[in-house]
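The next block holds one structure in the form of structure tokens; read it before the comments.
Number of protein chains: 2
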Amino acid sequence: MLTIGKLGTSAGVKVPTIRYYEQIGLLPEAERSAGNQRLYSRKALERLAFIRHARDLGFTLEAIRDLLSLSDKPDQSCAAADAIAKAQLLEVESRLARLTALKAELERMVEQCAGGCIADCRVIEVLGDHSLCATDHRHGAHETAA
Amino acid sequence: MLTIGKLGTSAGVKVPTIRYYEQIGLLPEAERSAGNQRLYSRKALERLAFIRHARDLGFTLEAIRDLLSLSDKPDQSCAAADAIAKAQLLEVESRLARLTALKAELERMVEQCAGGCIADCRVIEVLGDHSLCATDHRHGAHETAA
DNA sequence: CTAATGTCTCTAGCAACTATAGCTTCAAGA
DNA sequence: TCTTGAAGCTATAGTTGCTAGAGACATTAG
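Each protein sequence line maps, in turn, to chains X and B. Residues in the first sequence are numbered consecutively from 1, following the numbering used here. Residues in the second sequence are numbered consecutively from 1001, following the numbering used here.
Written out as structure tokens, the structure reads:
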């Protein structure tokens, strides 16, 4: 059995984050030692590694919750898991498209800056006037995860 | 003079967001009508449009605060503004790189899923085992803005 | 045995809003 | 003029995914 610290190091997750996952029900309540400290099995480590990996891939905790409950039912169709992954892929693709446009706009902005004073600064000017932009980066989906 | 609603529509910013910007000092306190309602000038509209545009380009409110205070000093060098824009460009580029890796991994995952049952699902399997991944998307910078 | 480290709970904070409740003000129609 | 409905006001709490701190207890190395 692992203490919370060992578990965290093994899975690459910080200790308070593990407690947080338990608190929101993403991890089951851990067993406790005589002195009330959390103890974790190999299985718990696997589950946490799963969460960690899915987070790294940008899945929300809600999506991970669903994926975990699916992975607990090995006999069911994987259509649902597939759908979640596909949705995440779409998310990532749309963010990618948006970021690509942003990058182009920022590059344009930075290139045009001749380095004079603020009054002549293209950075400030472009920010103040969207019509100076080449691409349509308006009202984009603002994101939360990587 | 514009009411807060008109201002919001003109700038493409929601009314509560405008009040929030005022609250955190990004917008100056608005003038008030006899009945205590906020009233905005053309200048206020420009300032809000600037903020909106910068947000669309992914600048944080902190960065925008700096850019705004710079834009109020037209005689100074634009080096600082330039630096902020360049930092933002770097940010966007690093997010882009990360997202590109994520996309590849998600595509692999989704492609490999044969559509059977959970026990055979590549999506679940790959999530459970990082070593099945092609790229290094581990411990990436998790972001907040677009 | 003691000191250092690890763990415990609880609360509050971060960004950047969004939503709700319960009130007042305003503009337009009857 | 009255009334109704939209728009405005304040204040507070919620969102996501953690992170940081306080103050107390547990464990372990020397």
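Note that the Cβ used here is the ideal one computed from N, Cα and C, for glycine as well. For clarity, every value in this text was computed on a predicted model and none was experimentally measured.
- [ ] Starting from residue 1086(B), find everything on chain X with Cβ-Cβ shorter than 7 angstroms and list it in chain order.
- [x] By Cβ distance, chain X contributes 110.
TODO: Could you say if the segment 103 to 111 of chain X and the segment 1069 to 1088 of chain B meet the contact criterion of at least three C-beta pairs nearer than 8 angstroms?
DONE: yes
TODO: Would you check if the segment 125 to 135 of chain X and the segment 1051 to 1063 of chain B touch, i.e. whether three or more CB-CB distances between them fall below 8 angstroms?
DONE: yes
Task: Under 7 angstroms between C-beta atoms of residue 1030(B) and residue 1040(B) - done: yes
- [ ] To the nearest angstrom, report how far apart residue 13(X) and residue 4(X) are at their CA atoms.
- [x] 10 angstroms
Open item on the list: Between residue 146(X) and chain B, is the shortest Cβ-Cβ distance under 7 angstroms, so that the two count as touching?
Closed with: Confidence is the limiting factor: at residue 146(X) the pLDDT is only 43, short of 50, which leaves the residue's position unreliable, though a coordinate-based value still follows. The C-beta of residue 146(X) comes closer than 7 angstroms to at least one C-beta of chain B.
- [ ] Could you check what DSSP says for residue 33(X) in three-state terms: helix, strand or coil?
- [x] coil
Task: Contact between the segment 88 to 99 of chain X and the segment 117 to 124 of chain X (3+ Cβ pairs under 8 angstroms) - done: no
Task: Inter-residue Cα distance where the pair is residue 1047(B) and residue 80(X) - done: 46 angstroms
Task: Distance, residue 24(X) Cα to residue 33(X) Cα - done: 22 angstroms
Task: Counted within 10 angstroms of its Cβ, other Cβ atoms place residue 1091(B) as buried (16 or more) or exposed - done: Burial call: buried.
Open item on the list: Using the Cβ count rule (16 or more neighbours within 10 Å means buried), how would you classify residue 72(X)?
Closed with: exposed
TODO: Run down chain B in chain order and give the residues with a C-beta less than 8 angstroms from the C-beta of residue 76(X).
DONE: 1117, 1118
Task: Span separating the alpha-carbon of residue 1145(B) from that of residue 70(X) - done: Residue confidence is low: residue 1145(B) scores 41 on pLDDT, short of 50, so the model does not pin down where it sits. Its coordinate-derived value is still stated next. The straight-line gap from Cα to Cα measures roughly 30 angstroms.
Task: Three-state secondary structure (DSSP) of residue 1039(B) - done: strand
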